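As structure tokens, the structure follows; a few thoughts come after it.
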Ligand SMILES: CC(C)(COP(=O)(O)OP(=O)(O)OC[C@H]1O[C@@H](n2cnc3c(N)ncnc32)[C@H](O)[C@@H]1OP(=O)(O)O)[C@@H](O)C(=O)NCCC(=O)NCCS
């Protein structure tokens, strides 16, 4: 099998659902912008060289519906010959898109592909506009459709993750993100054109464009006391709050993937190659444990151990599940814990569902390059009861 090289990995800022800077920007605009930018940032690459674009999206309907992968390939100015598809594995959709796009290169079907992710949680709410659970199944299996927040409560209760630990973890997420932002560490973030509607003197609204450069969910003012004062959101007696949950967010991300032949032809320097990928199922009502199962499986396939990994991006869907997974994997210990989400995670930076897998890949791979880290792991839990994990190797 051939290697698949990721040569460019970028993202838009992640901005708060409804209240944030991208709330009036259509998802097609975000995705087509980041696809266009990924190509123009890759030396010598022309749009006609990209054979297929796989786009992860968790709720591919309404404005991000039909086949948003194909639609945005055309909006972004790829030739009609460049195809596009939409991939859904909920919170792992963006990673799944990168892996599927890589596999096409690995088996020799394509020389150059894009793996991307998109979610505007403002335009399409989590759960979709018209959820229709299958009644014959829900009678005996309501868990498949349970709120993600309840699954986070279940993990906290079943595995004894305290409120205090969740709030401390959330606090650290915001602090790490604020430091990273202030020190220009988010090199994977591309200033992105955004839309706003500005009220005019006559009461009408004028559409204007501005550039959004930063993730706007980071709360520098977060304190442990402030977090401790928040009421639980999903269960009156629970411990999961707006402060220790991932934020609902809008964003897009993209990675350019190539064969070794194409890398040589263009003379580009790849960031990393995909080493292994694993998905594992678990009980839907505790879907947050997914990374604790998927990471060992992906590592075993790669012939690596937890300690061999220099950086981890473990999606912070909820502090309870992230903490449980770190504990299970021995990643909560000194010497390991410093490798996890070094610039903060979804509690501070947001979790734009279908985009997240592609967003975290952009963060991880650029951090691996900056720090000279040989192996990195990206992982997340997935609604419906699954975990996904991928191992990447830096190309020196
Ligand atoms: C938990 C959840 C319902 C909260 O939604 P929300 O009310 O829109 O959340 P917000 O981020 O706007 O926070 C609400 C309030 O909580 C308080 N708050 C949030 N984070 C805080 C922090 N770090 N410190 C202090 N207060 C905080 C603030 O008062 C905030 O209001 P403000 O924005 O006006 O200041 C939502 O974030 C959610 O559903 N998260 C999980 C998403 C999910 O399930 N994803 C899939 C995972 S598998």
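Residue numbers (this note's numbering): 419 to 814. Where a beta carbon is used, it is the ideal one built from N, C-alpha and C, also for glycine. This structure is a prediction, so every number in the text was calculated from the model and none was measured.
Can you give me the start and stop residues for the beta strand (DSSP E) that residue i sits inside?
| i | result |
| --- | --- |
| residue 623 | 623-630 |
| residue 738 | Taken as a continuous stretch (DSSP letters only), residue 738 belongs to no beta strand (DSSP E), being part of the alpha helix (DSSP H) at 737-747. |
| residue 517 | It is not in any beta strand (DSSP E) - residue 517 instead sits in the alpha helix (DSSP H) that spans 511-524. |
| residue 669 | 667-676 |
| residue 537 | 530-538 |
Put residue i into one of helix, strand or coil per three-state DSSP.
| i | result |
| --- | --- |
| residue 459 | coil |
| residue 494 | coil |
| residue 694 | strand |
| residue 573 | helix |
| residue 664 | coil |
| residue 452 | helix |
| residue 873 | Any answer about residue 873 is impossible in this case: the structure gives the chain only from 419 up to 814. |
| residue 680 | helix |
| residue 705 | helix |
| residue 803 | coil |
| residue 685 | coil |
| residue 699 | strand |
| residue 465 | helix |
| residue 486 | helix |
| residue 542 | coil |
| residue 567 | helix |
| residue 725 | helix |
| residue 499 | coil |
| residue 481 | helix |
Here's the rule: buried if 16 or more other CB atoms are within 10 angstroms of the residue's CB, otherwise exposed. What is residue i?
| i | result |
| --- | --- |
| residue 439 | buried |
| residue 790 | exposed |
| residue 629 | exposed |
| residue 458 | exposed |
| residue 590 | buried |
| residue 637 | buried |
| residue 541 | buried |
| residue 580 | exposed |
| residue 456 | buried |
| residue 552 | exposed |
| residue 478 | buried |
| residue 647 | exposed |
| residue 753 | exposed |
| residue 582 | exposed |
| residue 554 | exposed |
| residue 682 | exposed |
| residue 786 | buried |
| residue 788 | exposed |
| residue 641 | exposed |
| residue 401 | Within the shown structure, residues of the chain are numbered from 419 to 814, placing residue 401 beyond reach of any answer. |
| residue 770 | buried |
| residue 525 | exposed |
| residue 616 | exposed |
| residue 466 | exposed |
| residue 507 | buried |
| residue 634 | buried |
| residue 484 | exposed |
| residue 578 | exposed |
| residue 492 | exposed |
For chain C, check one thing: does any of its Cβ atoms lie closer than 7 Å to the Cβ of residue i?
| i | result |
| --- | --- |
| residue 614 | Of the chains in the structure shown, none is chain C; there is only one protein chain. |
Based on the DSSP output, what are the partners of residue i in its beta bridges?
| i | result |
| --- | --- |
| residue 795 | 730, 809 |
| residue 615 | 625 |
| residue 610 | 630 |
| residue 562 | Per DSSP, none; premise fails for residue 562. |
| residue 433 | 668 |
| residue 473 | 504, 534 |
| residue 443 | None, per the DSSP bridge assignment. |
| residue 639 | Answer by DSSP bridge pairing: none, since residue 639 is not bridged. |
| residue 426 | 674 |
| residue 758 | 730 |
Go to residue i, then tell me how far its alpha helix (DSSP H) extends in each direction, as first and last residue.
| i | result |
| --- | --- |
| residue 581 | 581-600 |
| residue 780 | 771-789 |
| residue 709 | 708-720 |
| residue 556 | 553-556 |
| residue 644 | 642-646 |
| residue 766 | 764-767 |
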